[in-house]
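Chains as they are written, first to last, in this note's numbering: chain L, 1 to 227; chain W, 228 to 476; chain U, 477 to 1253.
Laid out in structure tokens, this is it:
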């Protein structure tokens, strides 16, 4: 019966929000590790190696993360499809000035973020999986050294890639601008005292986190230009 | 003043509609929007043409019968009013005004600007009540004190007039604001708590069945609601739904 | 008067009585019939009951009852005593009955079926003795309810809860749209929560007195009795009434009564109560006990063997005309204020359902009793389609005035002068001038007439010359000074006082001020508001007996649509009370009395001659309307009718005007049949056709309305005849009621044409209340 209830719209919304929360927490963790690459290449290599080879992370957390992501994606698409379907004819004139662009276009920002993730997977994740699971090389070494930092730097040599990354993070920022506070609303957290606080937090999170990633990309790009 | 009107005309449920253009002249700035449509209709009738059908009744903003998407906004450009309370002084001389019916799959068009809102009735029938029979010996009204704050909040939710502007303006045609208003009105009163779980589940179930979209928290409904029903009610609905889901066997 | 005897229970005489049986004490008397010059016997119940064993069988042997012989020494003294005794028993009753006899000669057809007994026991006794329908049989009985407002909605829900199958009809798209929703002020109930001396009797007294002694005592008492239950029921349903900080229900004083008995939910009490009734209906709709017909309009009542057996209704979406059968039909379609075109009623409010049953034999009572509300937003021009009411509470703090000088009025109309520039001594606070005791708080009808008097004299202040000022500037200053003192400002400046005062006024009347600003586009805090009286409520309606049944067996009428409770004038916050009392607590019991005899009827087929004929007549009527093919829309006639009504049958009426009105309405009706145009597609949604049908009924009602006003040559409540005013004394010029000649309900029977209607009189008896003239000087 319980599962059945999640079949209805609000149930789906709650799941959407919960997977969103999960992804937002992951994003923080990802940012924290990446920031290490700016502070200390060695520390970054070690943490990356731990993340890449720890069995718990690789065999339990990673699948959960990926399924969470896929769930968020598919559910988002389904909901959007249903929502579009709930109106046959569009207004010939609609002002739309009663809501923000980001809140109305989560599917667009979401799709852009998804495309970015595809690129990101192509860049880092697929080679990783290839080395580890196809070739069975779990050492994390390349020419006798940890490969993580150098791979990172290598990717950010291309101007176009840095540019693409930066643009994608702008979309992520837009997605989060609405997504962060919307998740709280979806699970029913809203009242006159916490909501203004949450809204502020939402803006900080949605700007600072993607900005952090962009900073890392640009840092490494410039870092290599100077060399 | 003189106005160009672009009005949606549709013969009946099954036919295809289109926008038709009309001109009205000598409209007083003091007349209401619906009075302007009355004038248009009388002009049309005197020419032997079919008048524009639109819903209206009390014309003082409380019955919830009037609708109309005017110049891209539900209930027109003024805020916190229904279409019948909208006055022509909000428009400029010579302006072109688009007038369309509410558009949502769950609110099919019956004719011209008239839509079928019985879906709202069916949602209420699914659980929007407290199961108490009429009896001369119900307990005394003052037996259960209710904190003023709760009673006031419950009242604020209960002021919903069921006009469906929330659905019309929502990009997803979601009826969440309407449903949440009813759910939280009862959820905040002790007499409504008894059936709170069944109520929220049944009403949401019916809402889905009617084909309303899903809430994506854009907040447009709150802004267009002529009665200012707050988004807090939707959060409350979500909360009620969640707790009902987790605790029902 | 010749002789009296006391007896017990002669009416339902039985061969044998049990000793503990409750029997009625009756009185039998002889009287002289003036026509035949013979003595006749008349039996009459005293309404007092007692057990047989307690009855003193030898009562007649009481020495006082024995013949007193002239030889007796105390002959004179004893005779005097006997005379006193007889007088005590009889004079009050007997003389009344003598006059009643005269009156009832013209109205034998009216039997109000008021139960006997003390007024406070009538309803209880009646409920105890009424016929009941067994639950298994209720399942086989259908009831049609037309209208879903407070009365119709609550009745539908309660009847369905009892087990009847209810078919409910409304012309709107949902039952929740009924115009009860627009009631602002509140609902009265004799709960005495405030401990200010309220009681059932006081509410009863206030209502009868407020109605200017033209309502039926027994009905009003019952209304007051069940008023408390309404509040209990609504709270149980989840109606969010206003509460105090302690969590208990809040009350306010309303409409100038001396106690706080009005329950309210901000300015939206009607909405909350209606939604309560609507939710109760929804529960029954979900259970299948109520079948709801939205967007359906009743167009005919079907009679089978003289009983109401069904209706013919038009589906307003498809134009389809269908037959619906039932064992009883309940009309709850509201008032007919829209006969004036401009009123505070909803655009769709109509008299059609009431009028159709009237034409089928239900008597229409007191059509001329209309309430005109003094504080509405005035008309802004010819485009105006309806008037908006502002709560009566505005008169608590506002002062009403017009300029003293006619030149100032002209300047204001031209826009050369602003009202705030007129000096205090140049203003005519006419209510305070004329009624120093009550001032701006005189009852609705008095305030309305006083405004009309000023406006007719040419002192109207808006563009159309139909408005007076309602000024808050002195209230703002008064409140501002009080507040300044309270928060300790020693010498507040003018500006400080005004801003503090505005804050307080906003807290009290903010929503009304905002509404005014939206409609008129003027800031009421800075400039006086313009107000004008408007038609608001109709006390008259279909005649019903104590059971709320009309003169057609099986056809009931409840809520504003009937006439019974408000007499010639309704008190504020009493309309909601009556609607819900009828629907929740009266009709569901009393209808059983009739339906108890219908349990063997079985399902009623609609394939009968009567139904077919009724349907055919409706279809023909519609076709006839569509075939006029003139050039004027229905609104054209409605507006014209409204103007006639307002001019001649409005706030103040006289014989000449009323006769003119009857003539004009007749003329307009024949013009209607020549000039009407409606789009010809009658088998689809056709709003013009709907309007045309309603306007036609208004055109007929309007004539009866004027006829009734013409017949009632007295001024009472909302009905003011210029011929009936106080000629001298301190009340000179004020309305004068004529209890000697008009203490009756005029119930009109339809005969082919409104002008041929036959008047039946129901004499009103006031046993518990002393009749007084109202005075507000």
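From the three backbone atoms N, C-alpha and C, an ideal C-beta is built for every residue, glycine too.
Cβ neighbour criterion (16 or more within 10 Å) applied to residue i
i	result
residue 119(L)	exposed
residue 183(L)	buried
residue 28(L)	exposed
residue 101(L)	exposed
residue 608(U)	exposed
residue 862(U)	buried
residue 578(U)	Note that residue 578(U) scores a pLDDT of 45, beneath 50, so its modelled location is shaky and nothing firm can be said.
residue 282(W)	buried
residue 884(U)	buried
residue 25(L)	exposed
residue 680(U)	buried
residue 741(U)	buried
residue 683(U)	buried
Boundaries of the beta strand (DSSP E) in which residue i is found, first to last residue
i	result
residue 846(U)	846-852
residue 786(U)	783-791
residue 1179(U)	Note, residue 1179(U): premise wrong, no beta strand (DSSP E); alpha helix (DSSP H) at 1163-1187.
residue 448(W)	Segment 447-451 is the alpha helix (DSSP H) holding residue 448(W); no beta strand (DSSP E) there.
residue 645(U)	641-645
Residue-level contact to chain U via CB, residue i, 7 Å cutoff
i	result
residue 359(W)	yes
residue 396(W)	no
residue 437(W)	no
residue 369(W)	yes
residue 303(W)	no
residue 237(W)	no
Range of the contiguous alpha helix (DSSP H) that encloses residue i
i	result
residue 947(U)	Segment 944-947 is the beta strand (DSSP E) holding residue 947(U); no alpha helix (DSSP H) there.
residue 1229(U)	Looking at the DSSP string, residue 1229(U) is not in any alpha helix (DSSP H); the run it does join, the beta strand (DSSP E), is 1229-1239.
residue 120(L)	106-120
residue 335(W)	Looking at the DSSP string, residue 335(W) is not in any alpha helix (DSSP H), and its letter there is neither H nor E.
residue 127(L)	126-129
residue 27(L)	9-39
residue 263(W)	260-273
residue 618(U)	Taken as a continuous stretch (DSSP letters only), residue 618(U) belongs to no alpha helix (DSSP H), being part of the beta strand (DSSP E) at 618-622.
residue 220(L)	194-226
residue 888(U)	882-890
Neighbourhood of residue i by C-beta distance below 6 Å, restricted to the same chain and skipping five residues each side
i	result
residue 975(U)	none
residue 1176(U)	1230
Interface flag, residue i vs chain W, CB-CB below 7 Å
i	result
residue 14(L)	yes
residue 652(U)	yes
residue 1053(U)	no
residue 1081(U)	no
residue 711(U)	yes
residue 478(U)	In this predicted model, residue 478(U) has a pLDDT of only 39, less than 50, meaning its place in the structure is not dependable; the value taken from the coordinates is given anyway. Chain W, which has no Cβ nearer than 7 Å to the Cβ of residue 478(U), makes this no.
residue 864(U)	yes
Neighbour flag for residue i against chain L, beta carbons, 7 Å
i	result
residue 297(W)	no
Sequence-distant residues of the same chain with beta carbon closer than 8 Å to residue i, five excluded per side
i	result
residue 1234(U)	1224, 1225 and 1227
residue 1144(U)	1113, 1116, 1117, 1120 and 1175
Contacting residues, own chain, Cβ-Cβ under 7 Å from residue i (five flanking each side not counted)
i	result
residue 161(L)	155
residue 221(L)	156 and 162
residue 995(U)	853 and 864
(request) Please name the residues in the stretch 981-1003 of chain U whose beta-carbon is closer than 9 Å to at least one beta-carbon of chain W, in chain order. (result) 990, 991, 994, 995, 996 and 997
(message) Tell me which residues of the stretch 325-339 of chain W have at least one Cβ-Cβ distance to chain L shorter than 8 Å, keeping chain order.
(response) 325, 327, 330, 331, 332 and 333
(message) Which residues of the stretch 418-449 of chain W have a Cβ closer than 9 Å to any Cβ of chain L? Give them in chain order.
(response) 427, 428, 431, 432, 434, 435, 438, 439, 440, 441, 442, 443, 444, 445, 446, 447, 448 and 449
(request) Could you name the residues of the stretch 184-197 of chain L whose beta carbon sits closer than 9 Å to any beta carbon of chain W, in the order they occur along the chain? (result) 184, 185, 186, 187, 188, 189, 190, 191, 192 and 195
(request) Would you list, in chain order, the members of the stretch 464-475 of chain W that have their beta-carbon closer than 9 Å to a beta-carbon of chain L? (result) 464, 465, 466, 467, 468, 469, 470, 471, 472, 473 and 475
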